[in-house]
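Take a look at the structure set out below.
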Amino acid sequence: MKVIKRSGKVVDFAIEKIQTSIENAALDMKQTFSAHDVNTMAKDVYQHLVKMRGEDGLTSAHEIRALTVMAIKDYGYEKIARHYAQGIYH
5 MKVIKRSGKV VDFAIEKIQT SIENAALDMK QTFSAHDVNT MAKDVYQHLV KMRGEDGLTS
65 AHEIRALTVM AIKDYGYEKI ARHYAQGIYH
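Counting from 5, one number per residue, gives the positions in the sequence shown under our numbering.
Below is the structure:
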């Protein structure tokens, strides 16, 4: 799968980037997720992308962000999801 970044550059999809951003958003909110939860949320995002775009599809950073917010909410972390949606995590 390929991702169109905000700059317009096309890069390979990397699930590790989703995992890191989820962890960072939680840390910013003084919380942590288990490695299992982080992996499961990231896999959920990837599975949704594959359903929508196919294995060799093209997605955007915006779409990935929206799906990641949904995954975090689905796990019951509304505040972290809102923080993630704002894009101000480190």
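Here a beta-carbon is modelled for each residue, glycine too, at the ideal position from N, C-alpha and C. Predicted, not measured: the structure shown is a model, and the values here were computed from it.
Compute the beta-carbon to beta-carbon distance between Ala-46 and His-87, rounded to the nearest angstrom, for a pair I have assumed lies under 8 Å. About 17 Å separates the two Cβ atoms, so there is no contact after all.
What is the DSSP secondary structure of Leu-6, reduced to helix, strand or coil? Residue identity check: residue 6 is Lys in the sequence provided, not Leu. Three-state result, Lys-6: strand.
Can you tell me where the beta strand (DSSP E) holding Asp-60 begins and where it ends? It is not in any beta strand (DSSP E) - Asp-60 carries neither H nor E in the DSSP assignment.
CA-CA distance, Arg-57 and Glu-82? 27 Å
Assuming Ser-64 and Val-15 make a contact with CB atoms under 8 Å, what is their CB distance in whole Å? In fact, because the Cβ distance is near 11 Å, the residues do not count as touching under 8 Å.
Rounded separation between Gly-61 and Ser-38 - CA only: 30 Å
Name the two residues that bound the continuous alpha helix (DSSP H) containing Met-74. 65–78
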